[in-house]
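Going letter by letter, the sequence shown gives residues 74 to 531 in my numbering.
Note that CB positions come from ideal geometry on N, CA and C, so glycine has one too.
Given the structure is predicted, the values throughout are model-derived calculations rather than measurements.
Accompanying notes for the structure given below.
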Amino acid sequence: MRIKKLLSMAQGLDDVEVRGWVRTVRTGKAVSFMEVNDGSCLNSLQLVIDSAIGDYSLIGKIGTGACIKACGALVASPAKGQQWELHVAEIEQIGAVDSHYPLQKKRHSFEYLRTIAHLRPRANAFGAVFRVRSAISFAVHQFFQQRDFLYVHTPIITASDCEGAGEMFRVTTLDDQCPPLNDDKTVDWQQDFFSCKTALTVSGQLQGELFASAFRNIYTFGPTFRAENSNTSRHASEFWMIEPEIAFAELSDDCQLAQDFLRYMVNYALENCGDDLQFCNDRIEKGLLDKLSKLGAANFETMSYTEAVERLLRSGEKFEYPVHWGADLQSEHERYLCEQVVDGPLFVVDYPKEIKAFYMRGNDDGKTVAAMDLLVPRVGEIIGGSQREERYDVLAARMNELGMESESLQWYLDIRRWGSCPHAGFGLGFERLLMYLTGMENIRDVIPFPRTPGQAKF
Ligand code: 4AD
Ligand code: MG
Numbered sequence: 074m075r076i077k078k079l080l081s082m083a084q085g086l087d088d089v090e091v092r093g094w095v096r097t098v099r100t101g102k103a104v105s106f107m108e109v110n111d112g113s114c115l116n117s118l119q120l121v122i123d124s125a126i127g128d129y130s131l132i133g134k135i136g137t138g139a140c141i142k143a144c145g146a147l148v149a150s151p152a153k154g155q156q157w158e159l160h161v162a163e164i165e166q167i168g169a170v171d172s173h174y175p176l177q178k179k180r181h182s183f184e185y186l187r188t189i190a191h192l193r194p195r196a197n198a199f200g201a202v203f204r205v206r207s208a209i210s211f212a213v214h215q216f217f218q219q220r221d222f223l224y225v226h227t228p229i230i231t232a233s234d235c236e237g238a239g240e241m242f243r244v245t246t247l248d249d250q251c252p253p254l255n256d257d258k259t260v261d262w263q264q265d266f267f268s269c270k271t272a273l274t275v276s277g278q279l280q281g282e283l284f285a286s287a288f289r290n291i292y293t294f295g296p297t298f299r300a301e302n303s304n305t306s307r308h309a310s311e312f313w314m315i316e317p318e319i320a321f322a323e324l325s326d327d328c329q330l331a332q333d334f335l336r337y338m339v340n341y342a343l344e345n346c347g348d349d350l351q352f353c354n355d356r357i358e359k360g361l362l363d364k365l366s367k368l369g370a371a372n373f374e375t376m377s378y379t380e381a382v383e384r385l386l387r388s389g390e391k392f393e394y395p396v397h398w399g400a401d402l403q404s405e406h407e408r409y410l411c412e413q414v415v416d417g418p419l420f421v422v423d424y425p426k427e428i429k430a431f432y433m434r435g436n437d438d439g440k441t442v443a444a445m446d447l448l449v450p451r452v453g454e455i456i457g458g459s460q461r462e463e464r465y466d467v468l469a470a471r472m473n474e475l476g477m478e479s480e481s482l483q484w485y486l487d488i489r490r491w492g493s494c495p496h497a498g499f500g501l502g503f504e505r506l507l508m509y510l511t512g513m514e515n516i517r518d519v520i521p522f523p524r525t526p527g528q529a530k531f
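Here is the structure:
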């Protein structure tokens with residue numbers, strides 16, 4: 074039986090068997106107590122072991138971290154702190170530990186725990202975070218499936234750079250010592266595995282748009298990769314992204330979907346991850362539960378990029394990066410806007426076209442595009458999206474202006490040629506959402522085995 078189920082019992086039970094990992098042991102001459110956790114919930118089950126059981130001397134040899142199996146009766150606990158305890162009739166050690174076990178019962182820093190990522194799932198905070206991660210993954214599908222969105226698996230290996238930022242991890246089977254060369258000494262990618270230059274995808278959007286042009290409303294949810302050399306607390310080289318794409322939609326519909334989605338995720342977490350969020354509220358971010366309850370009901374504010382820049386300029390704040398119209402907003406600006414200016418989630422819309430990707434729909438002013446970023450306190454940008462340029466000529470001209478080879482993206486242009494329709498979508502970084510939901514301040518602490526510049530251990 075899983076411990077979560079046992080702890081929620083309405084009555085005691087005979088003949089219960091549990092398996093799990095020991096968190097603490099207190100041994101005594103007459104009786105010993107052992108806290109056992111099996112990952113099903115935050116709380117551990119207290120085992121009460123009477124010296125009358127068979128091999129009582131074994132208990133002294135079971136240390137924190139050991140894997141055990143115990144049988145006995147679940148009875149109401151007379152002591153404070155837990156409702157139920159297991160009166161052990163038999164106990165067996167499945168896997169022993171030695172005294173070098175690094176996760177002894179004491180507070181460890183998140184930095185230290187990152188160095189033992191193979192063991193940290195057994196620490197309370199990571200138990201909570203990864204249970205929330207699992208529950209919210211399910212909620213993502215539930216949200217879209219309830220609304221009749223088609224789930225599409227977009228490719229991981231791709232020949233196109235969706236965001237155009239050149240931050241892709243190359244995928245190749247060519248000999249790295251002496252690759253085949255063209256006459257001009259450049260690498261002959263024709264001879265590579267896919268007969269062209271390929272890389273790991275930075276986004277499933279381009280293919281998502283193709284599917285939206287057939288199924289109307291679709292979403293992707295999968296891993297994406299960015300070879301961006303930014304060592305920050307909110308960037309990972311491998312992260313999971315949720316990307317819906319909706320046909321017959323403009324930017325305001327896109328923002329509405331993003332708001333509905335985020336509120337759904339928050340309410341789902343509040344309803345289904347109570348104990349874990351309570352733990353996060355007590356140990357990670359004070360006031361987390363209040364923040365989430367407020368967001369679950371909030372109407373998100375919207376501000377144009379132009380106004381955001383004016384607000385920042387007027388703020389009198391000393392920012393590390395100067396602000397001016399045309400400059401990309403940095404994390405410090407994003408946080409100032411949602412933390413100090415509106416104190417809640419904020420859509421910033423209509424960015425200058427120069428700082429956004431090629432596919433965004435041009436606004437009538439000729440200077441901005443129908444883009445939106447959703448900013449939230451503590452995290453900054455959590456969602457990036459836009460209405461897409463559905464006019465063939467406008468898109469082709471923009472690609473040309475940016476010096477892009479349109480041949481390799483002819484398939485992308487084609488859907489503007491045959492049955493084009495207005496459409497929009499966004500991408501939400503799943504880890505950023507989890508940071509927001511759990512209060513964790515470093516992206517490395519919400520993904521099981523983080524990949525960041527210089528780090529691919531585990
Ligand atoms: O703003 P981005 O780059 O937008 C896109 O990729 C679009 N193709 C999405 C779309 O319209 N379908 O990324 C979207 C989101 C960001 O808002 C952020 O939450 C997350 O993905 N993100 C990252 N998360 C972790 N580590 C990184 N290096 C990230 N880069 C982006
Ligand atoms: Mg973005």
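Contact check between the region 305-322 and the region 500-516: three or more CB pairs, one atom from each, fall below 8 Å, which counts as touching.
The alpha carbon of Glu-405 has as its nearest neighbour, out of Val-104, Lys-429 and Arg-451, the alpha carbon of Arg-451. Within the same chain, Cβ atoms closer than 7 Å to the Cβ of Leu-115 are found at Asn-197, Gly-200, Ala-201, Asp-348, Asp-349 and Phe-352, the five residues on either side in sequence being excluded.
Relative to the non-hydrogen atoms of the ligand 4AD, the Cβ of Met-445 never comes closer than 6 Å to any of them.
Relative to the ligand 4AD, the beta carbon of Ala-309 is positioned inside 6 Å of a heavy atom. Assignment of Gly-136 by DSSP, reduced to helix, strand and coil, places it in the coil class. In the DSSP assignment, Phe-499 is bridged to Gly-458. With contacts defined as CB atoms closer than 7 Å, Thr-137 and Lys-179 fail to qualify as a contacting pair. Straight across, the Cα-Cα distance linking Ile-230 with Leu-118 is about 45 Å. Taking non-hydrogen atoms of the ligand 4AD into account, the C-beta of Met-314 is found less than 6 Å away from one of them. From the listed residues Phe-420, Phe-203 and Asp-446, the smallest Cα separation to Ile-428 is found for Asp-446. When distances are taken from the beta-carbon of Gln-280 to the heavy atoms of the ligand 4AD, even the shortest one reaches 6 Å or more.
Burial of Ser-286 is indicated by the presence of at least 16 other C-beta atoms within 10 angstroms of its C-beta. Not one heavy atom of the ligand 4AD falls within 6 Å of the beta-carbon of Arg-99.
For Gly-168, the shortest C-beta to heavy atom distance toward the ligand MG is 6 Å or greater. Ranked by how close their Cα comes to the Cα of Asp-333, the residues Ala-212, Gln-155 and Ser-150 have Ala-212 in first place.
Gln-483 counts as exposed, since fewer than 16 other C-beta atoms from the protein chains shown sit within 10 angstroms of its C-beta. Residue state for Asn-290 is assigned as strand, using DSSP reduced to three classes.
Under the three-state reduction of DSSP, Gly-360 is assigned to coil, being neither helix nor strand.
Cα atoms of His-160 and Gly-133: separation of roughly 17 Å, rounded to the nearest angstrom. The alpha-carbon separation between Phe-373 and Leu-254 amounts to approximately 54 Å. Here the C-alpha atom of Thr-293 lies approximately 30 Å from the C-alpha atom of Ile-357. Boundaries of the beta strand (DSSP E) harbouring Met-376: 374-377, taken from the DSSP string.
For His-308, there is no enclosing beta strand (DSSP E), as DSSP marks it with neither H nor E.
In the displayed model, Gly-237 falls within coil according to three-state DSSP, outside both helix and strand. Only exposed fits Cys-269, as fewer than 16 other CB atoms lie within 10 angstroms of its CB.
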